[in-house]
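Notes to accompany the following structure.
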Amino acid sequence: MRELQLDGLVGMTHNYAGLSTGNVASTHHRGAVSHPRAAAIQGIDKMAFVASLGVPQAVMPPHCRPEIDVLRAVGFEGDDAQVLELAHREDPAMLAQASSASAMWTANAATVTPSCDAADGTVHFTPANLVSKFHRAIEPPQTTRLLRAIFPNKSVFTHHDPLPQCEQFADEGAANHTRLSSDLGSVHLYVYGRIARDAKAPAPIHFPARQTREASETIARTHGVRTAMFTQQRPSVIDAGVFHNDVISVGTGSTLLLHEDAFVETPNVLEQLSSILGESFTPLVVTNDMLTVPEAVSTYLFNSQLLETKGGLVLIAPHEAGEHPRARAVLDAWVDGDSPISATHILNLRESMQNGGGPACLRLRVPLSERELNLIAPGVQLDESLADQLRAWVNMWYPEDLHAAELADPALMQSTRDALQTLTDLLKIGPVYPFQM
Ligand code: SUG
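Heads up: the sequence shown begins at 588 in our numbering, then just goes up one per residue.
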């Protein structure tokens, strides 16, 4: 089995609107001028680097923004230009929500179960409903269309609808899910922030817990996951800015990197995993003495991408972690001695990081057999040539910088549509956007 990395291509309207309470970077950069072209190039450079390691890499096209139908649905009327102008004048925050390029963080696009772990032997996808934030709750219909276009074969790929759109089933996708495996078998670890049905259960005080246990359980059940474990994120870490579990732990194969405060019951979780996975299970636990939770949040150390390559496990860490002496010391320790990690690479993803999206947020992991890999839409599979074509496409269409007021410019919206038409021609998929249908 190989793990496909499906990265979200950053959209043309990438901006900093401070939309995600509980996500410290998003709040901190509210109102900053964004650089859509640099953001997209940083993402493509990451994809190209991952592909150069021999890891299968594919591209998930951006969503069409501003989402004009959402603005109409909330009562702005007229032709497209009038709708944008009215929204800008009367509710600029709503315009920012309808314009967010947040679909770039495909770790939140869906939860995936590989065929070898599913009772019916197919690969299962459930697009996340993302109900906790309005700018993200508008993503599922487009995500659903894109996943079905990228994984089209109906006898091999099972596409579920998103969970019911309500807080009981609040679901943020794979950012709260880790699949681990060894010679003894595999286990799916689902991490939730709260139990919706139990008002007395521990929950964070300041910031929202975006994933419910009910959502995770429903996904495991509908996917027919053979071995599932459910565990709660420590509420205090959510209040410290860990809005998704992938900000405090990352794992693949038999290796799990985590902070000691990640879960309510970290020692129990490790014991259970160890009993399922056996001796090869390798938890690398970072203590508060090594790195505090606020440091984990500011450096995004645990949002590194952990990849299985022919030469062993490779870690792709964000620049912010590489620059931070204590995070750097952890990175260095992880590749020392008998650690299963053979190399660390530091990449610059600053534009995404400033909205709280690190290397691991930008990718959805899709473990596939060779046969399944051959059945994905061929045009989205990234090689050097596609990376070059995407860079040229970005340089042609993307603004170098973007100020909030420019989101109301009808020319930007038209150019987004024209650019996406060119992109889907290039990737040979579609029609996938409402304007193409
Ligand atoms: O949902 N940021 C995203 C970041 C998602 C990161 N994903 C993972 N950890 N897997 C979010 O909070 C900020 C948009 C703004 O403020 O303009 C934003 O949506």
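Even for Gly, the Cβ is constructed at its ideal location relative to N, Cα and C. All values reported here derive from a predicted model rather than from experimental measurement.
{"Query": "beta-carbon Ala705 near ligand 1 non-hydrogen atom, thresh 7 Å", "Result": "no"}
{"Query": "With 16 other Cβ atoms within 10 Å as the buried cut-off, status of Asp988", "Result": "exposed"}
{"Query": "Cβ neighbours of Asp970 in the same chain (closer than 8 Å, five flanking residues each side left out)", "Result": "Ala638"}
{"Query": "Range covered by the alpha helix (DSSP H) that runs through Glu957", "Result": "Glu957 to Leu960"}
{"Query": "Val670: CB within 7 Å of a non-hydrogen atom of ligand 1", "Result": "no"}
{"Query": "Length at least 3, wholly inside the region 760-825: the beta strand (DSSP E) runs in chain order", "Result": "764-769, 772-779 and 815-819"}
{"Query": "Arg589, DSSP secondary structure in three states", "Result": "strand"}
{"Query": "Cβ shell of Gly708 (< 8 Å), same chain only, five flanking positions each side left out", "Result": "Ser702"}
{"Query": "Residues near His846 by beta carbon distance below 6 Å, same chain, minus five either side", "Result": "Ile835, Val873 and Ala883"}
{"Query": "Beta-carbon gap between Leu934 and Phe889 smaller than 8 Å", "Result": "no"}
{"Query": "Cβ-heavy atom distance, Asn875 to ligand 1, below 7 Å", "Result": "no"}
{"Query": "Phe756 versus Arg781, Leu733 and Asp848, residue with shortest Cα-Cα distance", "Result": "Arg781"}
{"Query": "Residue from Val743, Gly840 and Asp923 with nearest C-alpha to Leu963", "Result": "Residue 963 is actually Ile in this sequence, not Leu. Looking at the Cα atoms, Val743 is the closest of the given residues."}
{"Query": "Cβ pair Ser687, Leu606 closer than 8 Å", "Result": "yes"}
{"Query": "Identified DSSP bridge partners for Leu894", "Result": "Val901"}
{"Query": "Given Arg652 as reference, the closest of Pro1018, Asp996, Gly1017 and Met1024 once Cα atoms are compared", "Result": "Asp996"}
{"Query": "Cut-off 8 Å between Cβ atoms - residues of its own chain near His831, not counting five sequence neighbours on either side", "Result": "Ala694, Asn695, Glu759, Ala762, Asn763, Arg797, Gln798 and Cys948"}
{"Query": "Option nearest Gln976 by Cα separation, candidates Val646, Pro795 and Val642", "Result": "Val646"}
{"Query": "Assigned exposure category for Phe1022 - 16 Cβ within 10 Å defines buried", "Result": "exposed"}
{"Query": "Anticipated Cβ contact below 8 Å, His746 with Leu733, distance rounded", "Result": "Incorrect: roughly 11 Å between the Cβ atoms, too far for contact."}
{"Query": "At least three beta-carbon pairs within less than 8 Å, the region 624-643 to the region 895-915", "Result": "yes"}
{"Query": "CB of Asp848 within 8 Å of CB of Val812, strictly", "Result": "no"}
{"Query": "Residues that Ser689 bridges to, as DSSP identifies them", "Result": "None; Ser689 has no bridge partner."}
{"Query": "Entirely enclosed beta strand (DSSP E) segments - the region 930-996, minimum 3 residues", "Result": "950-955"}
{"Query": "First and last residue of the uninterrupted alpha helix (DSSP H) at Ser639", "Result": "Pro623 to Ser639"}
{"Query": "Residue environment, Asn716, which counts as buried when at least 16 other CB atoms sit within 10 Å", "Result": "buried"}
{"Query": "Gly630 vs Met691 beta-carbon contact at 8 Å", "Result": "yes"}
{"Query": "Distance cut-off 7 Å: Gly618 Cβ against heavy atoms of ligand 1", "Result": "no"}
{"Query": "Residue interval of the beta strand (DSSP E) (run including Pro714)", "Result": "Val710 to Pro714"}
{"Query": "Own chain partners of Met588 with C-beta closer than 8 Å, once the 5 adjacent residues on each side are dropped", "Result": "Pro701, Cys703, Pro954, Leu955 and Ser956"}
{"Query": "Same chain only: Cβ atoms within 8 Å of Gly865, ignoring 5 sequence neighbours per side", "Result": "Ser769, Asp770 and Leu771"}
{"Query": "Check: Asn695 C-beta below 7 Å from any heavy atom of ligand 1", "Result": "yes"}
{"Query": "Phe663 - DSSP class collapsed to helix/strand/coil", "Result": "coil"}
{"Query": "Selection from Thr879, Gln819 and Leu936 that minimises the alpha carbon distance to Pro912", "Result": "Thr879"}
{"Query": "Within 8 Å, strictly: CB atoms of Asp748 and Met1000", "Result": "no"}
{"Query": "CB contact flag (Val597, Ala626, <8 Å)", "Result": "yes"}
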